[in-house]
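Convert by adding 22 to the 1-based position in the sequence shown; the result is the number in the numbering used here.
Built from N, CA and C at the ideal position, the CB exists for glycine as well.
None of these values were measured; they are calculated from a predicted model.
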Amino acid sequence: MPRRYAEYKPVTSDAVPPPTNVGGYDDLLSYFQVRGQTLLRRAESLATLDEAINDGLPADLARPVGMFYGDLLTHTIPAAHWEVVEEEYPLVRVSRKVAVDVVRVALRRLATPEPTLEQNYAHVLELVRQET
């Protein structure tokens, strides 16, 4: 029986960093632009988004809400990045042990008044803080 050998090669320093910007929420941004509002990738924008959801944001914007929330997480939490584990339901890895299923968070938020996106964000920050 022939023997096979594996060769170890260290990762080069020009390895590609995990994605932090995936988009997928242009329809959501357009929805707010028509209303004269702007959504920035900042935690403060979650209050605006929660208010729009409470005022009847269309259900077909659930996925864009999740994608916006995910991009916000990747831009406000150090080392947070996107992962795709199940098609159509990407995760944002915010720490070694914690990943957020952002589309499902958005679907739940559109179906129920609580937890709000602001509350979810605060919870995620607490989980990250506990792990560090």
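Which runs of the alpha helix (DSSP H) fall wholly inside the stretch 76–106 and span at least 4 residues, in chain order?
If we require 4 residues or more, the alpha helix (DSSP H) runs fully inside the stretch 76–106 come out as 84–98.
Per DSSP, what are the beta-bridge partners of VAL127 in this structure?
Paired residue(s): none; VAL127 is not in a bridge.
Applying the criterion that 16 or more other CB atoms from any shown protein chain within 10 Å of the CB defines a buried residue, is ASP82 buried or exposed?
It is exposed - the Cβ of ASP82 has fewer than 16 other Cβ atoms within 10 Å.
Status (buried if at least 16 other CB within 10 Å, exposed otherwise) for PRO86
Within 10 angstroms of the beta-carbon of PRO86 lie 16 or more other beta-carbons, which makes it buried.
Thinking just about the alpha-carbon of each residue, which of HIS103, GLY46, ALA65 is nearest to the one in PRO39?
The residue from HIS103, GLY46, ALA65 with its alpha-carbon nearest to that of PRO39 is HIS103.
Thinking just about the alpha-carbon of each residue, which of LEU132, HIS97, ARG131 is nearest to the one in VAL116?
Comparing Cα positions, the closest option is HIS97.
Within this structure, are the beta carbons of VAL120 and GLY88 separated by less than 8 Å?
In this structure, VAL120 keeps its C-beta atom at 8 Å or more from the C-beta atom of GLY88.
Express the C-alpha separation of GLU136 and ASP93 in angstroms, rounding to a whole number.
Put simply, the backbone Cα of ASP93 is about 21 Å away from that of GLU136.
Rounded to a whole number of angstroms, what is the C-alpha to C-alpha distance between ALA74 and THR154?
Those two C-alpha atoms are separated by around 34 Å.
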